[in-house]
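Mapped onto this note's numbering, the consecutive letters of the sequence shown carry residue numbers 559 to 1163. What follows is a single structure, written as structure tokens, with notes after it.
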Amino acid sequence: MVKSNFFISTAIDYPSAKPHCGHLYEKILADVLARWKRLDGFKVHFSTGLDEHGLKIQRLAEKEKKTPKEFVDKMSKPFLELCKIYNISYDDFIRTTQKRHEKVVKNILTKLYKNKFIYKAYYEGQYCVECETFYTTKDLVEGKCPVHKKQTEFFKEEGYFFKMSYFQNKLISYIKKKHFIVSDKKRNEILNRLNEPLKDLSITRKNVWGLQFPIDSKYNVAVWTEALINYLTTIDYPKKKFKTFWPGYHLIGPDIVWHHTIIWGSMLMACKLKLPLVLTHGYINLEGEKMSKSLGNIIDPLELSKKYQTDSIRYFLLREIQFGKDGDFSENKLTEKHNNELVNDLGNLVSRTLTLAVKSKGNIRGKQELKINVNKIDNLMQEFKINEAIAGVWAFIKSVNKYVNDKKPWELEGKKLDNVLYNLLESLRIISILVSPFIPETAEKISKALNIKLGKLKDCKFRKINYKVKQIPHLFEKIDVPKPINKEKNIGIITMDKIKFSDWQKMDLRVGKIKAVKDHPNAEKLYLLLIDIGPIEQNIQLVAGLKQHYKKEELLNKKVIVFRNLESAVIRGEESAGMVLAAVKDNKVVLITPDKDIDIGARIQ
Ligand SMILES: [Zn+2]
559 MVKSNFFIST
569 AIDYPSAKPH
579 CGHLYEKILA
589 DVLARWKRLD
599 GFKVHFSTGL
609 DEHGLKIQRL
619 AEKEKKTPKE
629 FVDKMSKPFL
639 ELCKIYNISY
649 DDFIRTTQKR
659 HEKVVKNILT
669 KLYKNKFIYK
679 AYYEGQYCVE
689 CETFYTTKDL
699 VEGKCPVHKK
709 QTEFFKEEGY
719 FFKMSYFQNK
729 LISYIKKKHF
739 IVSDKKRNEI
749 LNRLNEPLKD
759 LSITRKNVWG
769 LQFPIDSKYN
779 VAVWTEALIN
789 YLTTIDYPKK
799 KFKTFWPGYH
809 LIGPDIVWHH
819 TIIWGSMLMA
829 CKLKLPLVLT
839 HGYINLEGEK
849 MSKSLGNIID
859 PLELSKKYQT
869 DSIRYFLLRE
879 IQFGKDGDFS
889 ENKLTEKHNN
899 ELVNDLGNLV
909 SRTLTLAVKS
919 KGNIRGKQEL
929 KINVNKIDNL
939 MQEFKINEAI
949 AGVWAFIKSV
959 NKYVNDKKPW
969 ELEGKKLDNV
979 LYNLLESLRI
989 ISILVSPFIP
999 ETAEKISKAL
1009 NIKLGKLKDC
1019 KFRKINYKVK
1029 QIPHLFEKID
1039 VPKPINKEKN
1049 IGIITMDKIK
1059 FSDWQKMDLR
1069 VGKIKAVKDH
1079 PNAEKLYLLL
1089 IDIGPIEQNI
1099 QLVAGLKQHY
1109 KKEELLNKKV
1119 IVFRNLESAV
1129 IRGEESAGMV
1139 LAAVKDNKVV
1149 LITPDKDIDI
1159 GARIQ
């Protein structure tokens, strides 16, 4: 029985570079909401995909001597791989270069034109290639794009406009009256911006990689104008699927709320279509600092998945970060959550229950002695309080662990043992259902061990089942917590002034890779380097006097040799946990780098 319909979309990603953690986080959130609704008996359409047109793509393709289509075909691969590795259960992966999208864009723009919302005029303004958006001089921050802090470019040409200004008052009253922008903060920001007169929107470009403008073939459609229409393409506008699923939920990052509410909202109003609900998540920082290309501290989620189970990464992001707020990524915290909540709480419960249950002769019967409030968890999910919902599930897991400890089933036999086993197996079955949106691989493993099909939300109550369980390998293995450098015992610490020849054997030299370069806040000639030295310690910070010898971009991603068990020092207020090896002569400094490519963390012998 279908309860109702649910359409959720992520923003479509701009494949100008490989996917980052922000892309992953958004997809995981949408995936969890989609999975929860499916669990609740809803008919779900979940879309994600790529926004493949625009000047930036065109320029990057030119650089690589590729056509833009060849370029986006290549760049689409890591995004698809990301979805596969992290079990993103999308129903549609849309790419704006697909024919079906062109058709819908043509349909919508023709409708806008017929409804007299499109006209031709001159436009000029400051254009940010990064966001493919025009800004007024007032919007700029010190002459730069307010989002990217990059120099904008001046454009002037004749083109077509959409009468967005016509919708200003309609938008204001809609935003005030309706549940449209879920975040209060974002809602107020948008209302504030609407205190200024709303301008018409330039919707065409000349000689830019994009879809042909259906009204005038000399032009292409501006990238934002058509990208937003993807939400209609994915549900086959105007056909049956559209009628089933529209309007849906758009899950997006905090930087594109204007586009999704004002631009998209007015376009929909002009077509007399209903408006969706706009949900925003926060940014993910890296150990307190914003991840960005210029800082070089971007975490590659594909690389991350080689180091940790994807369910652990999913769990960490969902459990650690409050929906709508900015969150912090740290491998230490990920390890902590993995060890405490996945290995200890869930993994141990599963393995101790299965160990007992495989020994039993079957036909396990008993009466319910454990309780869970599934409605409460479901309500939290309806309010997008994902981390609290997980906390609710974990409270139940902990209560089941306590039940095992109290009942001591290993000391029991006969009906008493059966009764405890019945409670444990039914709890595990319910747990496998409840955790399935968050850690789907793990949920599958548990239900396979129980030899049953993963149930739905309505199955989350105790009942009589004949179990034929199988023992399975541990769901999660404990991960060693990365130790700080000066606690490393086996080799010991070497102080620079006491170094002797025999100390050479004690020196731990490793191949590292410079992940980020920053100016030392208190010293003109020094850099702060963040160096990845492999799985033992991950990133260590060094202070290095390299500023006169290397530019930041020359250092970024360079492989170097790091003296890692040197006693750490604080240099002008910044910790320096080692040294990089360099050759020096007549004030010239050259870093020592490995001759051939070798893994980060390799030891110099
Ligand atoms: Zn920008």
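Ideal Cβ positions, reconstructed from N, Cα and C, are used throughout, including at glycine. Owing to the predicted nature of the structure, the values given are computational and were not obtained by experimental measurement.
Per DSSP, the bridge partner or partners of THR1127: First, the amino acid is wrong: residue 1127 is Ala here, not Thr. Note: ALA1127 sits in a beta bridge opposite SER1134.
Whole-angstrom distance between LYS672 and PHE738, CA atom to CA atom: 27 angstroms
Check your reading: residues with Cβ closer than 5 angstroms to ligand 1 heavy atoms: CYS686, GLU688, CYS689, CYS703, VAL705, HIS706
beta-carbon ILE773 near ligand 3 non-hydrogen atom, thresh 7 angstroms: This structure lacks ligand 3; the ligands present are ligand 1.
For ALA569, the three-state DSSP class (helix, strand or coil): strand
Reference GLN1029; option with closest CA among VAL962, ASP964, ARG910: ARG910
LEU769 versus THR691: straight-line alpha-carbon distance, rounded: 17 angstroms
Residue from LYS601, ALA947, LYS891, SER574 with nearest C-alpha to LYS621: SER574
Distance between LYS744 and ILE1043 (C-alpha atoms, nearest Å): Low per-residue confidence applies at ILE1043: pLDDT is 38, beneath 50, and the placement is therefore not dependable, though the value from the model is reported in the following sentence. One C-alpha to the other measures close to 43 angstroms.
Cα-Cα separation between LYS657 and THR606, rounded to whole angstroms: 17 angstroms
Range of the contiguous alpha helix (DSSP H) that encloses ASP869: 868 to 878
Segment contact flag, the region 1076 to 1086 with the region 1105 to 1113, C-beta cutoff 8 angstroms, min 3 pairs: yes
Reduced DSSP secondary structure (H/G/I, E/B, other) of TYR693: strand
Euclidean distance between Cα positions of ILE988 and LYS801: 34 angstroms
Alpha-carbon spacing of LYS702 relative to GLY683, whole angstroms: 13 angstroms
Segment contact flag, the region 598 to 612 with the region 664 to 679, C-beta cutoff 8 angstroms, min 3 pairs: no
Contact the region 920 to 929 vs the region 963 to 977: 3+ CB pairs below 8 angstroms: yes
DSSP three-state assignment for GLU715, whether helix, strand or coil: strand
For LEU1086, the first and last residue of its enclosing beta strand (DSSP E): 1085 to 1090
CA nearest to the CA of MET722, picked from ASN746, LYS736, ILE761, THR695: ILE761
Integer Cβ distance of SER647 from PHE712, believed to fall under 8 angstroms: So it is not a contact: roughly 45 angstroms between Cβ atoms.
Top-ranked residue by Cα proximity to ALA949, from VAL958, THR655, ILE935: ILE935
Proximity below 8 angstroms, CB of LEU912 to CB of VAL951: no
Any chain C beta carbon closer than 8 angstroms to LYS744: In the displayed structure, chain C is absent; only one protein chain is listed.
Span separating the alpha-carbon of ASN1123 from that of MET1065: 7 angstroms
Neighbour-count burial assignment, ASN1009, 16 or more Cβ in a 10 Å radius: exposed
Alpha-carbon spacing of SER567 relative to ASP858, whole angstroms: 23 angstroms
Close beta carbons around ASP1090, own chain, < 7 angstroms, minus the five adjacent residues each side: GLY1070, LYS1071, LYS1073, GLN1096, ASN1097, ILE1158
Stretch-stretch touch, CB-based, cutoff 8 angstroms, three pairs: the region 956 to 972 with the region 901 to 910: yes
Collapsed DSSP secondary structure at ILE857 in the structure displayed: coil
As assigned by DSSP and simplified to three states, the class of ASP598: coil
Buried versus exposed call for HIS839 [16 or more other C-beta atoms within 10 Å across all chains shown]: buried
Cβ-Cβ separation, VAL662 to ILE787 (assumed contact under 8 angstroms), whole Å: 6 angstroms
LYS1022 versus PRO1031, GLU1035, LEU983, LYS1016, residue with shortest Cα-Cα distance: LEU983
Beta-carbon proximity list for LEU667, same chain, < 6 angstroms, skipping 5 on both sides: PRO772
CB contact flag (PHE1034, HIS817, <8 angstroms): no
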